[in-house]
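Numbering-wise (my numbering), the sequence shown opens with residue 104 and increments by one. Glycine included, each C-beta is placed from N, C-alpha and C at the ideal position. Notes follow the structure.
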Amino acid sequence: MQQANIEELIKEAVEKLHRASRVVVLTGAGVSAECGIATFRDAQTGLWEQFNPQELASPDGFRDNPKLVWDWYEYRREIVRSSSPNPAHFTLAALEDRFEKFLLVTQNVDELHKRAGSRNVVELHGRILENRCFEEDRLVADEELDLDITPPRCPCGSYVRPGVVWFGEAIPSAPLAEAFAAARRCEVCLVIGTSGVVQPAASIPMLALRAGACIIEVNSEESAITDISHIFLRGKAGVILPEIKKLS
Ligand code: BV8
Numbered sequence: 104m105q106q107a108n109i110e111e112l113i114k115e116a117v118e119k120l121h122r123a124s125r126v127v128v129l130t131g132a133g134v135s136a137e138c139g140i141a142t143f144r145d146a147q148t149g150l151w152e153q154f155n156p157q158e159l160a161s162p163d164g165f166r167d168n169p170k171l172v173w174d175w176y177e178y179r180r181e182i183v184r185s186s187s188p189n190p191a192h193f194t195l196a197a198l199e200d201r202f203e204k205f206l207l208v209t210q211n212v213d214e215l216h217k218r219a220g221s222r223n224v225v226e227l228h229g230r231i232l233e234n235r236c237f238e239e240d241r242l243v244a245d246e247e248l249d250l251d252i253t254p255p256r257c258p259c260g261s262y263v264r265p266g267v268v269w270f271g272e273a274i275p276s277a278p279l280a281e282a283f284a285a286a287r288r289c290e291v292c293l294v295i296g297t298s299g300v301v302q303p304a305a306s307i308p309m310l311a312l313r314a315g316a317c318i319i320e321v322n323s324e325e326s327a328i329t330d331i332s333h334i335f336l337r338g339k340a341g342v343i344l345p346e347i348k349k350l351s
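What follows is the structure, given as structure tokens:
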């Protein structure tokens, strides 16, 4: 896209945001890519190249090979622990108070939005740094675990698993209902760094569109959402978002 065009499009996006009082943001792995956290579909490198993330991130994948899946999450946790929010995360945190109603819905499990200061956050897919009992589904504190065993065992005897929602598992109903209700009421839906493939998160922009909202997408390439976007801002989230804030 021509540079001049992108500046015009950013101005158009800012005008839409200026007129809005209710905004929903949907983020995906692309918003954390500039922190060094590989996107979900690009993540498989080195040792993990041979594995399909959708198989590893599933209850069956864990049952079939608990140690392999646990080690994959430990590998990803180390990257998350050593990462910090980028300008896109900080910009979204700064934009929050500009609107009467603002909800940030993320598919990411790295908690970087909260670490950047965002308060109204719905984490649809859970949190990678948390542990839950595979049978009881309760949160398990590190103090309860012998972390030298992989995967560790819950005091009840079952395996412990990362606190994320796996493929084939239902998104917790309360956060999903909150995200859908906000999407149906918003005037602008800002979609940042997602391929728009994973359901039910990927339905959020369509719900907003049907409610008459303006769909603004920020992505380094086209996605499954681009066709329904009114404004497509091609570029890196860490570059585009600060530009939006500068003009706001
Ligand atoms: C459910 C946590 C029902 C784990 C994740 C067939 C069989 C089984 C299931 C299904 C099926 N068909 C459909 C389904 C449903 C399935 C699904 O949608 N599958 C897809 C693949 C077709 N969904 C589910 O299973 C969901 N649950 O349906 O339950 C149910 C109901 C009742 C009872 C029981 C069951 C659960 C889905 C949640 C899965 N868990 N994460 C973990 O992380 O390990 S999803 C995972 O993908 C991550 O959270 C990731 O965020 C998410 C989505 O991907 P994206 O965020 O979009 O990332 P991606 O890499 O794809 O794209 C990155 C984008 O960023 C790209 O567009 C790129 O261009 C852009 N980008 C890159 N750099 C930048 C950038 N943009 C801007 N700036 C940059 N710098």
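Taking Cβ positions, are residue 282 and residue 225 nearer each other than 8 Å?
A contact, by the Cβ cut-off of 8 Å.
Buried or exposed for residue 111, please, with buried defined as at least 16 other CB atoms from any protein chain shown within 10 angstroms of its CB.
exposed
Just to confirm my understanding: we take residue 299, look at its own chain, exclude 5 residues before and 5 after, and list those with CB closer than 6 Å. What are they?
305, 326, 327, 328
From the DSSP output, in three-state form, read off residue 250 for me.
coil
Near the ligand BV8: residue 228 beta-carbon under 7 Å from a heavy atom:
Taking the Cβ of residue 228 as the reference point, at least one heavy atom of the ligand BV8 falls within a distance shorter than 7 Å.
Counterpart residues of residue 234 in DSSP-defined beta bridges
265
Use the C-beta contact count for residue 250: other C-beta atoms within 10 angstroms, 16 or more gives buried, fewer gives exposed.
Residue 250 is exposed by the Cβ-count criterion.
Sorry if obvious, but does the Cβ on residue 152 come closer than 7 Å to a heavy atom of the ligand BV8?
no
Using only the alpha-carbon positions, how far apart do residue 104 and residue 114 sit?
Caution applies to residue 104, whose pLDDT of 47 falls short of 50 and renders its modelled position unreliable; the value that the coordinates give is listed next. Each residue's alpha carbon lies about 15 Å from the other.
Answer yes or no: the CB of residue 267 versus the heavy atoms of the ligand MG, is any distance below 7 Å?
Inclusion of the ligand MG in the displayed structure is not the case, the ligand content consisting of the ligand BV8 alone.
Near the ligand BV8: residue 190 beta-carbon under 7 Å from a heavy atom:
The answer is no for residue 190.
With distances taken from CA atoms, which of 310, 195, 311, 333 is nearest residue 320?
Of 310, 195, 311, 333, the residue nearest in Cα terms is 333.
Comparing the C-beta of residue 118 with each C-beta of chain D, is any distance below 8 Å?
Protein chains in the displayed structure number just one, and chain D is not present.
Can you tell me whether residue 176 is buried or exposed? The criterion is at least 16 other CB atoms within 10 Å of its CB, across all chains shown.
buried
What separation, rounded to the nearest whole angstrom, lies between the Cα atoms of residue 238 and residue 254?
One alpha carbon belongs to residue 238, the other to residue 254, and they sit about 14 Å apart.
For the structure I just gave you, are there three or more beta carbon pairs, one from the segment 128-145 and one from the segment 185-202, closer than 8 Å?
A contact exists between the segment 128-145 and the segment 185-202.
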